[in-house]
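**Q** Got a structure here, written out as structure tokens. Questions coming.
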Amino acid sequence: MTIQTHTPADVPAKNKQHADVVDAPTRDKGKDGRGATTVADGVVAKIAGIAIQEIPGVHALGGGAARAIGSLREKVGQKDLTQGVNVEVGQTQVAVDVTLVVEYPHPLQEVADNARDAVYSAIEDLVGMEVTEVNVTITDIHVPSEDSESDDAEREPRVS
Numbered sequence: 003m004t005i006q007t008h009t010p011a012d013v014p015a016k017n018k019q020h021a022d023v024v025d026a027p028t029r030d031k032g033k034d035g036r037g038a039t040t041v042a043d044g045v046v047a048k049i050a051g052i053a054i055q056e057i058p059g060v061h062a063l064g065g066g067a068a069r070a071i072g073s074l075r076e077k078v079g080q081k082d083l084t085q086g087v088n089v090e091v092g093q094t095q096v097a098v099d100v101t102l103v104v105e106y107p108h109p110l111q112e113v114a115d116n117a118r119d120a121v122y123s124a125i126e127d128l129v130g131m132e133v134t135e136v137n138v139t140i141t142d143i144h145v146p147s148e149d150s151e152s153d154d155a156e157r158e159p160r161v162s
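Add 2 to a position in the sequence shown, counting from 1, and you land on the number used in the numbering used here.
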């Protein structure tokens with residue numbers, strides 16, 4: 003992926019009055035002679051993953067198998083911030099697919115909308131690329147009482 007630097011004349015006008023002045027951004031890479039910047043797809047995915055983890059109601063990223071592998075990684079001190087995040091990066095645009103688990107009783111649509119907004123903001127602000135879509139798939143609901151019961155059972159031996 004290449005991030006382009008633009009002079010004001012290169013950037014399409016956001017104000018409709020000036021839309022006739024500039025039709026579309028130029029696609030010349032490094033035209034100012036200073037070189038081009040390339041950002042790896044994994045970096046874009048990691049930025050999206052970090053943004054989503056900060057959303058209230060998001061318990062985990064990824065489906066069942068990805069979460070199982072992720073928990074093994076965490077036990078050895080490695081955390082995969084791109085787990086559950088897939089990106090398709092073009093020249094100037096990014097499409098993102100996110101798979102997540104929501105904490106009960108958070109409203110699913112609200113969590114999905116907040117995650118979507120966070121990804122749009124993070125990628126557009128930090129990477130400088132347009133996000134065309136963020137597809138959110140919710141694969142599970144995390145019920146906190148299930149974990150606390152299983153944690154208590156592991157901590158306290160049963161007496162017969």
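Positions of the beta carbon are idealized from the N, C-alpha and C atoms, including for glycine.
So, do the stretch 132-149 and the stretch 111-118 have three or more beta carbon pairs nearer to each other than 8 Å?
**A** Yes, the stretch 132-149 touches the stretch 111-118.
**Q** What is the rounded straight-line gap between the Cα of V91 and the Cα of A124?
**A** Cα-Cα distance, rounded: 15 Å.
**Q** Whose C-beta lies closer than 6 Å to the C-beta of H144 among residues of the same chain, with five residues either side of it excluded?
**A** Excluding sequence neighbours, H144 sits near H61, V103 and E105.
**Q** Distance check for E112 and M131, CA to CA, integer angstroms please.
**A** Rounded to whole angstroms, M131 to E112 spans 25 Å at the Cα level.
**Q** Quick check on T39: buried or exposed, where buried means 16 or more other Cβ atoms within 10 Å of its Cβ?
**A** Exposed: under 16 other Cβ atoms inside 10 Å.
**Q** State the CB to CB distance for the pair V98 and A42, rounded to an integer number of angstroms; the pair is presumed to be in contact (CB under 8 Å).
**A** Between A42 and V98 the Cβ distance is about 15 Å, and since that is not below 8 Å, they are no contact.
**Q** Give the range of the alpha helix (DSSP H) segment to which E132 is assigned.
**A** Segment E132 to H144 is the beta strand (DSSP E) holding E132; no alpha helix (DSSP H) there.
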